[in-house]
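Residue numbers (the UniProt record's numbering): 1 to 1232.
Even for Gly, the Cβ is constructed at its ideal location relative to N, Cα and C.
Here's the structure we're looking at; comments come further down.
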């Protein structure tokens, strides 16, 4: 397109936003730049952002209609080209011509210089797609005409879109006048020129146009001259040249191939592009570009030929066999959300890895290709991470990253994966935050070398990025942090050491400049290590002090030894050991104490034998723990420490004395643990110490002397039988265990001859206990074993008593446990059914009836009569009398009315028979018969008022349902012939023409007194149905509401005709209250509640209904993006949310079952999908054979499992002309 536009002085210059006043579906967002040819802006549309190119019309005689038709034809041709993005819409007005297309954030020029920078395989992938896009366009019969880096869009997942097709720009340009080039092609003002050299022709060809030139800078191309376009059509070779220049700029990091002067010189053979071509390191790409930018058009091949030629050369085989067809599916409209893409990739993960990594090859280059092939897939995954909505999708994405990470390079892991993992650490879902920490730790552990630009990634980026997780409100997140902090610290230390090693190696190289740069990090190694220690120490101390024991336990069980190595001996003792010791103070959590003894060996081994004096009392405490499992853990810890030589000899003898009695313990694990310790000690001591020090401890518990004490099997074979479990537990649970052991010692001394006689116990409880033990089979040998375990059993008995005492103290503070009895809460129960009272005579209706059966709970809930400080006389003349004998102390007064109030004591308005109308009051009570009735006042409790309101609401609801059911049962839906002689009269009942735009919905109130309409003019009008019965056919609305804005698409009445819900395409939903008034006055309307939907995530409302489920008053609405939401109008929150599968089509309408058991959705593809509202699950679907759009759905009034669907079907060939018929089709649809 061209004319002498520069010679036409515009009458006025308007800003780009001023042209949006004529278009209503697009909202101006911001300017993207302006040139003399086009003004470019970004605009908002209901379906997303769009780019709008505005051509200001200065000459109304320009024939722009033909170009518009050309663009529409081009759009149709490129419909199936997935790498092409033509203009989607073109409009013409008096002021301007406007072109619309989808907005893409980055073009190739911007992407080349944007982090993370493209690697070699990504550049090949983009070059491959550029040739594919050109091939798709050429096969569709379309030539681009202006291929450059600014017109090649690159999505966040590196999908290439060739856009801004320039068929309206001139094919040939004069070589001696740059005005046309500057006007049409140099939109970026970079002076780069990628136009094929054959498009520049001698200026004499435009001699006929030169006569009308007013200015030497005026373009020579004349748009109005129709012969201009036929002089030269765009050819394939021209696009190939431009594409070759783009690929060259891609592989030279943004160095342009030609500017205008260089291209003109190249056309004449005076310039060679070898200087730029030599910067392309890849030989295959260099040869490809050289052929594509050949000066002779005949020497340039077609795009399809280049794709075949470079297969397995410049472009790997996987581009053709797998990546192109697999990635193309994500460019289709089927995948509308990031969640769907992630789930599809996870489903295909095995196939992906098989195709990209399944064939192992020996060549290094091939292995490089396989790894980088995954990089292209990683770009798809990472492009979805920030827009994922559902927890399952986020977890699936983390799972994908974990599977692919071992096959990716260090640069990809650090530059492209790590930032998104840190993004997930701030997610709103605790499971996602926890899993992100685990994934981040495993990914960083795979890094074996640190790039120079990432040497400070841990102290400056990673550790601060996850520091907040140590105080996260969710225990599961802190648990994951404690589980991985040791490995994170170890990896951070390894990073620091790798950087230090690299710096030392560089210092040894004879490069003075680099040595100066790197000497500082080498000198600051100790400083950086100390800073790293402080960062990790702060978080470790926080976790060791966590209120949840499971967090402390997890930290000890997952790498406490690694933390010792990380901190060093001094800090391991000062920081870790000092905090771990406090864990034994928790007597209620034996898991924590057991974890302490599992972890203490590694800490003690690193701290050294100096820690034995500190650990000795802790280990002795573990040997007398109330939980036998902890005792076993303590025995194992002692055994390991003895093997490592961490126990001194005096300590070993003390422990051997304490542990030897465990050889007769009834617990098998404890016996095995004791045997293990004894055998290790025997191996550690010399023979003299074994027989002089160790054997005396063992003799009471073995059947015969042994020599090989260091053999576990030998020692186990000579052990005496253990104490009976029943006897052991009975003694351990005894409250008089001390007196019992005293008496057992006396019995032992008698057996040994130390005492002549042993008197029976004086305490009858001890006598009874001894009798019970003897009845269970306690022998003298058993008594000796019990006495050997005396010290242990006494400590264990005391420890268990302390645990019981502490449990009583801490019961009320346990999380998740509520003791109702401790709070003094009494259960309340009220009968909702009111018993009918039968008066003895008519006069008794107005008398107060007493109820002697009311208990104190009822009085506390519903109030009572109490003496008032201010007496109030009872008015007379109201037909109310009180019998003094009927008033007794502590008994309530009740009247026949449901309010239960004596009317004489109420200030509320009354009916003619004396019944109180409002407000309803509770009962009254007379505490003493000596007090006159005038000395009482009312006490109102909200409980009874709310109860009566609930009963009244239930009655109204039941009545409304009964009436609706009767109306449906009486309705005649069967098809019957009209009566004889009946003829349609064709009377016009009403003609309503107040709306100024399309009417979108008509809704009638339940009682049919009024109905409401909504329109695209932004108004809602309410009409009186009674006025339709008059003789006049013109009726005016009784009310108009226009404060919602936008196009009002749907509305529905709520709770009869008291409320009206409306929805607009701007995302607004409003609930309006309708205050009825007597005719001829109009009702009043006012907003009660409102909410605004996110048009990007939810879309606008397409249909909505109201139903009352009893507990909830639900306004259900469906949106364009497939959301079905039940808005509880009483609590202003969502009662439920359903997600419709958009593969079945967009929601156009839905209907709700009268019992709210199920609902049916109608879609744009003619599908009806049924949902079970009890479980909120989709259960079935039915599609119309014609796939016609469902206009409306309605529940069948007789058959409750049927819906009525309305379709609009276009029938061709049935009659003389194509006719449009509206079919109202009743579709049997069984829900369950």
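Alpha carbon of residue 84 to alpha carbon of residue 314, nearest angstrom: 22 Å
Check whether residue 433 and residue 469 have beta carbons under 8 Å apart: yes
Residue closest to residue 1036, alpha-carbon to alpha-carbon, out of 53, 679 and 1024: Nearest C-alpha to residue 1036 among 53, 679 and 1024: 1024.
Bridge partner(s) assigned by DSSP for residue 175: For residue 175, which the question treats as bridged, DSSP gives no partner whatsoever.
Sufficient close CB pairs (3 or more, under 8 Å) joining the region 735 to 751 to the region 697 to 705: Note that the region 735 to 751 does not touch the region 697 to 705; fewer than 3 beta-carbon pairs, one per stretch, sit closer than 8 Å.
Same chain only: Cβ atoms within 7 Å of residue 559, ignoring 5 sequence neighbours per side: Correct list, in chain order: 486 and 487.
Rounded straight-line distance, which links the Cα of residue 621 to that of residue 797: 13 Å
Backbone CA spacing between residue 1000 and residue 1066 [nearest angstrom]: Computed Cα separation, rounded: 15 Å.
Spatial neighbours of residue 435 in its chain, beta-carbon cut-off 7 Å, leaving aside the 5 residues before and after: 395 and 398
Pairwise C-alpha distance: residue 124 and residue 290: 16 Å
Pick from 498, 26 and 40 that is closest to residue 46, judged by C-alpha positions: 26
First through last residue of the alpha helix (DSSP H) which encompasses residue 102: It is not in any alpha helix (DSSP H) - residue 102 instead sits in the beta strand (DSSP E) that spans 96 to 102.
Own chain, CB closer than 6 Å to residue 111, minus 5 neighbours either side, in chain order: 154
Option nearest residue 638 by Cα separation, candidates 673, 607, 669 and 625: If we check each option's Cα against that of residue 638, 673 comes out closest.
For residue 560, three-class secondary structure by DSSP: helix
Same chain, Cβ closer than 8 Å to residue 475, five either side skipped, listed in chain order: If the five residues before and after residue 475 are omitted, its C-beta is found closer than 8 Å to the C-beta atoms of 548, 550 and 551, all from its own chain and listed in chain order.
Distance CB(residue 31)-CB(residue 41) smaller than 8 Å: yes
Rounded separation between residue 732 and residue 793 - CA only: 6 Å
When 136, 597, 603 and 406 are compared against residue 618, the one with the closest alpha-carbon: 597
In chain order, each alpha helix (DSSP H) run of at least 4 residues that lies wholly inside the region 568 to 644: 578 to 581, 590 to 607, 612 to 623 and 628 to 643
Residue 544 vs residue 605 beta-carbon contact at 8 Å: no
Beta-carbon proximity check, residue 166 vs residue 146, cutoff 8 Å: yes
Residue 351 - containing beta strand (DSSP E), residue span: Taken as a continuous stretch (DSSP letters only), residue 351 belongs to no beta strand (DSSP E), being part of the alpha helix (DSSP H) at 349 to 357.
Euclidean distance between Cα positions of residue 172 and residue 1183: Taking the Cα positions, residue 172 is about 54 Å away from residue 1183.
Beta strand (DSSP E) runs wholly inside the region 1148 to 1208, at least 3 long, in chain order: 1158 to 1163, 1167 to 1172, 1177 to 1183 and 1190 to 1195
Other residues of its chain near residue 680: CB distance less than 7 Å, five sequence neighbours each side excluded: 639, 642 and 643
First through last residue of the beta strand (DSSP E) which encompasses residue 1000: 999 to 1004
Reference residue 611; option with closest CA among 627, 576 and 588: 576
Strand pairing of residue 1021, partner residues [DSSP]: 1013 and 1040
Cβ of residue 37 within 8 Å of any chain C Cβ: Within the model displayed, chain C is absent; a lone protein chain is all it includes.
Residues near residue 306 by beta carbon distance below 6 Å, same chain, minus five either side: 131
Opening and closing residue of the beta strand (DSSP E) in which residue 189 lies: Looking at the DSSP string, residue 189 is not in any beta strand (DSSP E), and its letter there is neither H nor E.
Three-way DSSP call (helix, strand, coil) for residue 914 in this model: In this prediction, residue 914 has a pLDDT of 41, which is less than 50 and means its spatial position is unreliable; what the coordinates show is noted afterwards. Reduced to three states, the DSSP call for residue 914 is coil.
Backbone CA spacing between residue 1248 and residue 557 [nearest angstrom]: The chain is shown only over 1 to 1232; residue 1248 falls outside these bounds and no answer can be derived.
Inter-residue spacing [alpha-carbon to alpha-carbon] between residue 326 and residue 139: 21 Å
Of the listed residues 244, 761, 267 and 602, nearest to residue 200 (C-alpha basis): Ranked by Cα distance from residue 200, the first of 244, 761, 267 and 602 is 267.
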